[in-house]
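Residue numbers (the numbering used here), protein chains in the order written: chain F, 3 to 274; chain D, 3 to 274; chain S, 3 to 274.
Glycine residues also receive a C-beta, built at the ideal position from the N, C-alpha and C atoms.
Keep in mind that this is a model prediction, so the values were computed, not measured.
Shown next, in structure tokens, is the structure this report addresses.
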Amino acid sequence: MREYLERVRETSPLIHNITNYVTVNDCANILLACGGSPIMADDSREVEDITSICAGLNINIGTLNQHTIPAMLLAGKRANLCGHPVLLDPVGAGASALRTDTARRLMEGITFSAVRGNISEIKALAGEESAARGVDADAVDAVTEENLEQAEALVRAFAGRNHTVAAVSGAIDLVSDGERTYVIRGGHPIMSRITGSGCMLSAMTAAYIASNPEHILEAAAAAFCAMGLCGEIAWRRMKPEDGNSSFRNYLIDAVYNLDGETLEKGANYEVW
Amino acid sequence: MREYLERVRETSPLIHNITNYVTVNDCANILLACGGSPIMADDSREVEDITSICAGLNINIGTLNQHTIPAMLLAGKRANLCGHPVLLDPVGAGASALRTDTARRLMEGITFSAVRGNISEIKALAGEESAARGVDADAVDAVTEENLEQAEALVRAFAGRNHTVAAVSGAIDLVSDGERTYVIRGGHPIMSRITGSGCMLSAMTAAYIASNPEHILEAAAAAFCAMGLCGEIAWRRMKPEDGNSSFRNYLIDAVYNLDGETLEKGANYEVW
Amino acid sequence: MREYLERVRETSPLIHNITNYVTVNDCANILLACGGSPIMADDSREVEDITSICAGLNINIGTLNQHTIPAMLLAGKRANLCGHPVLLDPVGAGASALRTDTARRLMEGITFSAVRGNISEIKALAGEESAARGVDADAVDAVTEENLEQAEALVRAFAGRNHTVAAVSGAIDLVSDGERTYVIRGGHPIMSRITGSGCMLSAMTAAYIASNPEHILEAAAAAFCAMGLCGEIAWRRMKPEDGNSSFRNYLIDAVYNLDGETLEKGANYEVW
């Protein structure tokens, strides 16, 4: 895992983000923390220029609107032409028709190197019954040790059918290219009590795959391992009076300080 | 007070926020801190879908624009149809004609369970002379022990005339349904030195009333008591080198850690 | 330097910001930290109203779009009519044609008291070969002790030709009105590892010049000295487990606590 992290720090990839205004500041700071560099631009008249000078593109539909959807398509197609890795975060797919339809339209028009979502979002995109509850995965859908085999099969099938890496975060993470699946344990439940843990993971995964374009599956898995491990490190810093706001700071700090050796030792995964 | 807080933690209400991009991240984190869950969506093509799956709606006009104003109206009307509590935060009413007019249009088109603002904003909506200074209450308008009776009468009348709960924050808070008024003391002056203390209070109040729809007045008052108390708890954590940025973190942390017993003991209010 | 800082704290200038959604919360909090007060508004129907009640205007093109560009022009022209200091932050000029062209159009239509950018952005606006890399200055362009004379000449010429104060931040800052140049040393490299250090400096500089309209050059230089010094103070607070997220908090905290005497003693500048 360490080589994927180190490659981010060595190459400092510039990542173009078309993302929601809720967690955009956290996404920018986590990109800087992991060794990348962020730029945000969502006007159709400039997204092709911007994405051309970047190493990767992160499309997040968290607060999509009539102006940003065409910009996402333009940017994605240009990034494809440039050969840059592109990641989709289908925030809230399943929660509104606009989100589900937009995510599907984006997947039809753009070749995504990776799709990073929670299990409810992936189910919604797969056309399965999804219990999406807003932007969070529903407890009914949650990946557990009990339903792990079924969930892994679903994620693997989604990846294979869509010729992408499906990167699904939760209590147990699943990252699959349709042939192999990384099953990753780690993190801490408090990560669901801050806004943006999913968005930050998408931004960081975009940096990892942009720096490791020949190893999309492994790099995405490394980003997931890094985030889970940093969640654990951040949790250990918590004092009794700390809450989710301090945790957010500690999490980004942990990403800032994470080195390859710590990741190598702390990553907890199996390959199925 | 404790039962209203505990009901939020038990029911974990999903709150739809159409809010400004300045403090939106803080609003999301305070909703998670108090036990709720946030979703932000402001495109007219999805706000009705989104608000339908939520328990309450928080409309904040802090950075309103030509696209979000129609979305606010659509969402508010749908939430009314669904019977969900809806809160208005008329940020900057009085500071521009667009804001004052928009707040009034929203109040004509939507039934609001509560309107949360500062005294200058409420005066502007009441058609009174207001000394609004941007988005903050003007010192001239501030509610003090000296003008408390007049201010309470104004807030009570506003609530009665508009068939809503008027929830007015300041050095002394006033929360009235036109019949009874909670007069709440607490908080700390540094709360006006961070951005978003008002917006966060609105978001949290939306969660409290969404979880306690039969007790809008009491639940709004409980949210105000909780925020004031958490301001005091956060202030006590401040070290000499800390400033407003650390205070913001401590405030959200305090909301995260607040339990019903602490609120019950610490709430400082009279009912007029 | 101290008088410029103290004048901000005495007059508490209300600053109208039309700025990007990435760092807007940090800009609001640093304005409050330094003694000013923020308001954000970007709809064309209200920006003239809003800027009229303010003391200064901060225009930042970080996430410009088709709606905010006309609003920037309207607000800037109105602020000029009102005689309020106006600052331009040409974020990413050089990174897309839209940004370069928009920054130039703004400079043609509005009289700016100051333009705050990094050296790559200023070079792009000056029509020189620029190695802009996204929104950060490129290493190739960086102002160092070796190229200081050339860089100073460039910044001075830009200021003179545009009848503005050019305020260029980097490892060495240059603030010039075309006749005199403040050469300012200080800060810490970690400032480039948080998002928003440039945007925050622009917002704070807008407050300083709004409170000191007769001394634009000196006030801008004071804001730069204050930010550099606060970067050093924040760095000294860093514990081993801290990273860029904690640094951001410490930086804003340091601005909150900075007094005139500390600034006077700590400012490290020459006047060329």
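Presumed contact (8 Å Cβ cut-off) between residue i and residue j, rounded CB distance
i	j	result
residue 269(S)	residue 3(S)	5 Å
residue 144(D)	residue 121(D)	7 Å
residue 39(F)	residue 136(S)	6 Å
residue 34(F)	residue 196(S)	7 Å
residue 88(D)	residue 96(D)	Residue 88(D) to residue 96(D), Cβ: 22 Å. No contact.
residue 212(F)	residue 86(F)	7 Å
residue 184(F)	residue 223(F)	4 Å
residue 169(D)	residue 226(D)	7 Å
residue 103(S)	residue 201(S)	The pair is not a contact, with the Cβ atoms about 21 Å apart (cut-off 8 Å).
residue 116(F)	residue 207(F)	6 Å
Residue i vs residue j beta-carbon contact at 8 Å
i	j	result
residue 81(F)	residue 44(F)	no
residue 178(D)	residue 161(D)	yes
residue 6(S)	residue 214(S)	yes
residue 157(S)	residue 124(S)	yes
residue 189(D)	residue 119(D)	no
residue 172(F)	residue 254(D)	no
residue 262(F)	residue 12(F)	no
residue 1(D)	residue 108(D)	Here chain D comprises residues numbered 3 to 274, so residue 1(D) is not present and cannot be evaluated.
residue 114(F)	residue 166(F)	yes
residue 265(S)	residue 228(S)	yes
residue 10(S)	residue 209(S)	yes
residue 66(D)	residue 112(D)	no
residue 182(F)	residue 274(F)	yes
residue 237(F)	residue 192(F)	yes
residue 272(F)	residue 98(S)	no
residue 58(S)	residue 21(S)	no
residue 51(D)	residue 198(D)	no
residue 151(F)	residue 259(D)	no
residue 31(F)	residue 247(S)	yes
residue 281(F)	residue 54(F)	Not covered by the structure: residue 281(F). The range shown for chain F is 3 to 274.
Sheet register partners of residue i (DSSP bridge)
i	result
residue 18(S)	41(S) and 59(S)
residue 213(D)	Partner(s): none; residue 213(D) has no beta bridge.
residue 187(F)	174(F)
residue 273(S)	184(S)
Selection of the region 10-40 of chain F by Cβ proximity to chain S, strictly under 7 Å: So the list reads 16, 23, 26, 27, 30, 31, 34, 35, 39 and 40, given in the order they occur along the chain.
Using a Cβ-Cβ cut-off of less than 8 Å, list which residues of the region 50-76 of chain S approach chain D; keep chain order. When CB distances to chain D are screened at a threshold of 8 Å, the residues of the region 50-76 of chain S falling below it are 51, 52, 55, 56 and 69, in chain order.
Residues in the region 178-208 of chain S with C-beta within 9 Å of chain F's C-beta atoms, listed in sequence order? Going along the region 178-208 of chain S in chain order, one finds 194, 195, 196, 197 and 198 with a Cβ nearer than 9 Å to chain F.
For a minimum of 4 consecutive residues, which ranges assigned as the alpha helix (DSSP H) are wholly contained in the region 56-126 of chain F? Given a length threshold of 4 residues, each whole run of the alpha helix (DSSP H) inside the region 56-126 of chain F is given here in chain order: 70-84 and 99-111.
Report the residues of the region 135-157 of chain F with a CB closer than 9 Å to any CB of chain D, ordered along the chain. Going along the region 135-157 of chain F in chain order, one finds 135, 136, 137 and 138 with a Cβ nearer than 9 Å to chain D.
Could you name the residues of the region 74-103 of chain F whose beta carbon sits closer than 9 Å to any beta carbon of chain D, in the order they occur along the chain? Listed by position along the chain: 94, 97, 98, 99, 100 and 101.
Could you pull out every unbroken alpha helix (DSSP H) segment of at least 4 residues lying fully inside the region 146-173 of chain S, listed in chain order? The qualifying runs are 150-164.
Using a Cβ-Cβ cut-off of less than 9 Å, list which residues of the region 223-256 of chain D approach chain S; keep chain order. Taken in chain order, the members of the region 223-256 of chain D whose beta-carbon sits within less than 9 Å of a beta-carbon on chain S are 242, 243, 244, 245, 246, 247, 248, 249, 250 and 251.
Taking only beta carbons into account, state which residues of the region 209-223 of chain F come closer than 9 Å to chain S, listed in chain order. Answer set for the region 209-223 of chain F: empty.
Where are the alpha helix (DSSP H) runs, 4 residues long or more, that stay fully inside the region 209-258 of chain S, in chain order? If we require 4 residues or more, the alpha helix (DSSP H) runs fully inside the region 209-258 of chain S come out as 218-238.
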